[in-house]
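Each residue of the sequence shown is one higher than the one before, counting from 312 in this note's numbering.
Even glycine gets a Cβ: it sits at the ideal position worked out from N, Cα and C.
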Amino acid sequence: MALKLFNTLTRSVQDFVPLDPAGKKVGLYCCGPTVYDFGHIGNFRTFVFADLVRRYLEFRGYQVRHVMNVTDVEDKIIRRVRETGKPLREYTGGFEAEFWKDHASLNCRPPHERPHATDFIAEILQLIEALMARGIAYRTDDGSVWFSIEKYRALGHTYGQLVNLNFDAMRAGERVANDEYEKESLADFALWKARVPDDGAVFWPSPWGEGRPGWHIECSAMSMKLLGASFDLHLGGEDLAFPHHEDEIAQSEGACCQAPGQRFVKYWMHGAHLLVEGTKMSKKLGNFFTLRDLLAKGFNGREIRYLLLTAYYRETFNFTLAGLEGARAALARLDECLAKLRDTARDATAAPEPTLTAKFAEAMDNDLNVSAAWAVVFDWVRDTNRALAAHQLSAVQAAAALAAWQSVDAVFGLGAKAEAEAPPEILALLEARQAARKAKDFKQADAVRNEMKAKGWLIEDTASGPKLKQA
Ligand SMILES: [Zn+2]
312 MALKLFNTLT RSVQDFVPLD PAGKKVGLYC CGPTVYDFGH IGNFRTFVFA DLVRRYLEFR
372 GYQVRHVMNV TDVEDKIIRR VRETGKPLRE YTGGFEAEFW KDHASLNCRP PHERPHATDF
432 IAEILQLIEA LMARGIAYRT DDGSVWFSIE KYRALGHTYG QLVNLNFDAM RAGERVANDE
492 YEKESLADFA LWKARVPDDG AVFWPSPWGE GRPGWHIECS AMSMKLLGAS FDLHLGGEDL
552 AFPHHEDEIA QSEGACCQAP GQRFVKYWMH GAHLLVEGTK MSKKLGNFFT LRDLLAKGFN
612 GREIRYLLLT AYYRETFNFT LAGLEGARAA LARLDECLAK LRDTARDATA APEPTLTAKF
672 AEAMDNDLNV SAAWAVVFDW VRDTNRALAA HQLSAVQAAA ALAAWQSVDA VFGLGAKAEA
732 EAPPEILALL EARQAARKAK DFKQADAVRN EMKAKGWLIE DTASGPKLKQ A
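Quick look at the structure:
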């Protein structure tokens with residue numbers, strides 16, 4: 312069976328066929344964080360979703376190049392920079408560092424490329440120039456540059472590929488300067504925003520005068536530079552479909568970057584919203600959680616990741632603290648079964664038992680149906696527990712079952728219980744030991760290992776890397 316994914320562009324579930332003629336390489340772009348504050352749990356639903364897509368493609372044997380941008384210049388950032396008086400890089404750098412820590416505590420694989428908008432000003436200017444050359448972009452007297460939807464459509468392009476726009480019913484404004492605007496406003500959007508006093512030191516020179524890029528053009532420039540003018544997958548939260556993603560298409564296809572007959576992106580995937588405790592997150596209602604708020608409540612990244620991964624990405628998910636308690640219980644059931652399997656397997660090794668992975672893949676091939684995949688896993692846990700209780704599993708069979716779980720967990724990324732519970736100090740030591748081993752400084756590696764042992768943590772070197780165990 313082929314992997315099937317829901318493509319927002321066609322509003323249908325389609326077989327996934329990469330652009331690579333060899334069918335091997337896949338380019339994946341996910342709109343990353345705007346680093347003006349700590350990431351909240353709704354943001355992280357999108358990033359865990361992107362991580363799931365990437366990991367499942369890798370499980371299916373694809374060679375994925377995962378790009379996630381960091382928006383480090385944008386309306387909200389400029390406002391905060393003005394309020395705090397900090398230089399742009401200093402302000403965004405702090406939140407970015409915290410973002411990657413959060414990303415790692417949810418065990419999301421680091422993207423291969425993490426481009427920053429402010430490093431791509433030259434590419435952005437080039438793209439705007441190409442739009443100017445086709446008459447799709449125009450400059451106003453203040454030195455801003457705008458995208459003309461009318462000109463774009465007059466050249467035979469479609470505006471409204473990801474959403475159905477009713478041009479007659481829409482409130483036609485002349486221009487919209489904000490990076491984020493409502494679906495009702497059908498107005499030319501900013502590609503380049505002329506420098507104003509409020510921008511402070513945040514501006515760059517351009518052929519149209521000093522200013523800064525609009526948010527939408529940043530993603531067009533970075534994605535095409537790193538993945539090519541046409542690439543396979545573009546992901547993001549559903550709130551980004553319009554205007555952000557629609558504008559990305561308009562800018563990229565309007566500049567005629569693609570080969571004839573090719574689109575900017577082949578498959579668009581959008582993750583649904585997250586509610587918290589039944590309603591939209593809001594600071595006033597007290598249901599606004601950053602990831603660190605949840606960690607401070609005593610939950611760990613593994614439990615939060617698990618809960619986010621129980622929901623089908625296209626469905627609105629109600630994230631609750633009770634749900635996190637449930638996640639803890641579900642993981643305990645899984646961990647108990649795995650611990651018993653380890654006891655039975657001892658030192659035996661075996662290839663993965665194929666039934667679990669086959670059923671798991673069948674569920675996931677259906678547009679990443681994690682609900683069905685988890686049902687497969689927990690049926691397997693029940694059957695395995697029964698077989699263990701009846702002493703029906705040999706050491707080799709237990710090892711084969713463990714290996715099967717490891718293949719599934721390469722996608723779910725829950726890791727072992729001990730690792731999720733290890734304090735940061737121990738994780739830092741583990742990293743130091745790995746670095747020493749990589750540098751072939753085995754004396755240092757052993758010294759770190761002993762230090763960890765003294766603190767009550769053992770390292771088990773396995774084929775899939777080092778595993779932590781509490782002594
Ligand atoms: Zn974007």
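In three-state DSSP terms, what is alanine 448? Locating residue 448 in the sequence shown gives position 137, where the first residue counts as 1. The answer is strand: DSSP assigns alanine 448 an E or B state.
So who's on the other strand from glycine 338, going by DSSP bridges? Here residue 338 corresponds to residue number 27 of the sequence shown, with the count starting at 1. In the DSSP output, where bridge partners are listed per residue, glycine 338 has Arg376.
If I measure Cβ to Cβ from cysteine 567 and keep anything under 8 Å in the same chain, skipping five residues before and after, which residues do I get? For the purposes of this step, residue 567 is identified with residue 256 of the sequence shown, where counting begins at 1. Result list for cysteine 567: Ala441 and Arg445, in chain order.
Any beta strand (DSSP E) of 3 or more consecutive residues that is wholly inside the segment 473 to 522: Fully enclosed beta strand (DSSP E) runs of 3 or longer: 482 to 487 and 496 to 505.
With a threshold of 7 Å, establish whether the CB of histidine 414 neighbours any heavy atom of ligand 1. Against the sequence shown, residue 414 aligns to sequence position 103. Outside the cutoff, so no.
Is the beta carbon of glycine 525 within less than 7 Å of some heavy atom of ligand 1? The residue you call residue 525 lines up with position 214 of the sequence shown. No, the beta carbon of glycine 525 sits no closer than 7 Å to any heavy atom of ligand 1.
For leucine 502 and alanine 638, what's the separation of their Cα atoms in angstroms? Taking the sequence shown and counting its residues from 1, the one referred to as residue 502 is at position 191. Taking the sequence shown and counting its residues from 1, the one referred to as residue 638 is at position 327. Cα to Cα, leucine 502 sits roughly 44 Å from alanine 638.
Nonlocal neighbours in the same chain, by C-beta distance under 7 Å from alanine 656, ignoring five residues either side: By one-based count along the sequence shown, residue 656 stands at place 345. Contacts found: Ala706, Ala709, Ala710 and Leu713.
How many angstroms separate the CA atom of phenylalanine 317 from the CA atom of asparagine 677? Taking the sequence shown and counting its residues from 1, the one referred to as residue 317 is at position 6. Taking the sequence shown and counting its residues from 1, the one referred to as residue 677 is at position 366. Each residue's alpha carbon lies about 9 Å from the other.
Is the closest heavy atom of ligand 1 to the C-beta of histidine 581 under 7 Å? By 1-based counting over the sequence shown, the position of residue 581 is 270. Not under cutoff, so the answer is no.
Helix, strand or coil for phenylalanine 317, going by three-state DSSP, please let me know. The residue labelled residue 317 in the question sits at position 6 within the sequence shown. Residue state, collapsed to three classes: strand.
For threonine 601, which of helix, strand or coil comes out of DSSP? Locating residue 601 in the sequence shown gives position 290, where the first residue counts as 1. Correct three-state label for threonine 601: strand.
What residues are listed by DSSP as bridge partners for valine 381? Here residue 381 is taken as the residue at index 70 of the sequence shown, counted from 1. Looking at the DSSP output, valine 381 bridges to His427.
Are valine 328 and leucine 417 touching if we call contact CB-CB under 8 Å? Here residue 328 refers to the residue found at position 17 of the sequence shown. Here residue 417 refers to the residue found at position 106 of the sequence shown. It is not a contact, given that the beta carbons lie outside the stated cut-off.
Would you call the segment 542 to 556 and the segment 568 to 588 in contact, with 3 or more CB pairs under 8 Å? Enough Cβ pairs lie closer than 8 Å, so yes.
Using only the heavy atoms of ligand 1, determine whether one of them is closer than 7 Å to the beta carbon of glycine 547. Walking along the sequence shown from the start, residue 547 turns up at place 236. Yes, since a heavy atom of ligand 1 falls inside the 7 Å radius drawn around the Cβ of glycine 547.
Flag this pair as touching only if the segment 613 to 622 and the segment 408 to 428 have three or more C-beta atom pairs under 8 Å; answer yes or no. yes
Do the segment 586 to 606 and the segment 368 to 382 touch if we need at least three Cβ pairs shorter than 8 Å? By the criterion of at least three beta-carbon pairs nearer than 8 Å, the segment 586 to 606 is not in contact with the segment 368 to 382.
Given a cut-off of 8 Å on the beta-carbon distance, is the pair alanine 505 and serine 455 in contact? By one-based count along the sequence shown, residue 505 stands at place 194. By one-based count along the sequence shown, residue 455 stands at place 144. Cβ atoms of alanine 505 and serine 455: closer than 8 Å.
Contact check, phenylalanine 458 vs aspartate 499, beta carbons under 8 Å: As a working note, residue 458 is residue 147 in the sequence shown. As a working note, residue 499 is residue 188 in the sequence shown. Result yes, Cβ atoms of phenylalanine 458 and aspartate 499 sit closer than 8 Å.
Report the rounded CA-to-CA distance for glutamate 493 versus phenylalanine 355, giving the unit in angstroms. Here residue 493 refers to the residue found at position 182 when the sequence shown is read from its first residue. Here residue 355 refers to the residue found at position 44 when the sequence shown is read from its first residue. So the alpha carbons of these two residues sit roughly 23 Å apart.
Starting from lysine 778, follow its DSSP beta bridges and name the residues at the other end. Taking the first residue of the sequence shown as 1, we reach residue 778 at position 467. Bridge partners of lysine 778: Glu771.
Using the beta-carbon of each residue, find all residues closer than 6 Å to any heavy atom of ligand 1 and list them in chain order. Cys342, Cys530 and His555
Determine contact between the segment 739 to 757 and the segment 680 to 695, defined as no fewer than three beta-carbon pairs at a distance below 8 Å. No, they do not touch.
Helix, strand or coil, according to DSSP, for lysine 387 in the structure here? Within the sequence shown, the letter at position 76 stands for residue 387. Three-state DSSP puts lysine 387 in a helix.
Expressed to the nearest angstrom, what Euclidean distance is found between the alpha-carbon atoms of glycine 338 and alanine 750? Translated into positions along the sequence shown, residue 338 becomes position 27. Translated into positions along the sequence shown, residue 750 becomes position 439. Straight-line Cα distance between these residues: approximately 32 Å.
What's the gap between the Cα of methionine 312 and the Cα of phenylalanine 514? By one-based count along the sequence shown, residue 312 stands at place 1. By one-based count along the sequence shown, residue 514 stands at place 203. Separation of methionine 312 and phenylalanine 514 (C-alpha to C-alpha, rounded to the nearest whole angstrom) is 51 Å.
When the distance is taken between beta carbons, is leucine 363 closer than 8 Å to aspartate 543? As a first step, residue 543 must be located in the sequence shown, where it is residue number 232. As a first step, residue 363 must be located in the sequence shown, where it is residue number 52. No; because the gap between Cβ atoms is not below 8 Å, this pair is not in contact.
Going straight from the alpha carbon of histidine 527 to that of leucine 699, what length do you get? In the sequence shown, residue 527 corresponds to position 216, counting from 1. In the sequence shown, residue 699 corresponds to position 388, counting from 1. Near 55 Å, if we compare the C-alpha coordinates of leucine 699 and histidine 527.
Mind pulling the beta strand (DSSP E) runs of 3 or more residues that sit fully within the segment 533 to 615? 542 to 548, 576 to 582 and 585 to 587
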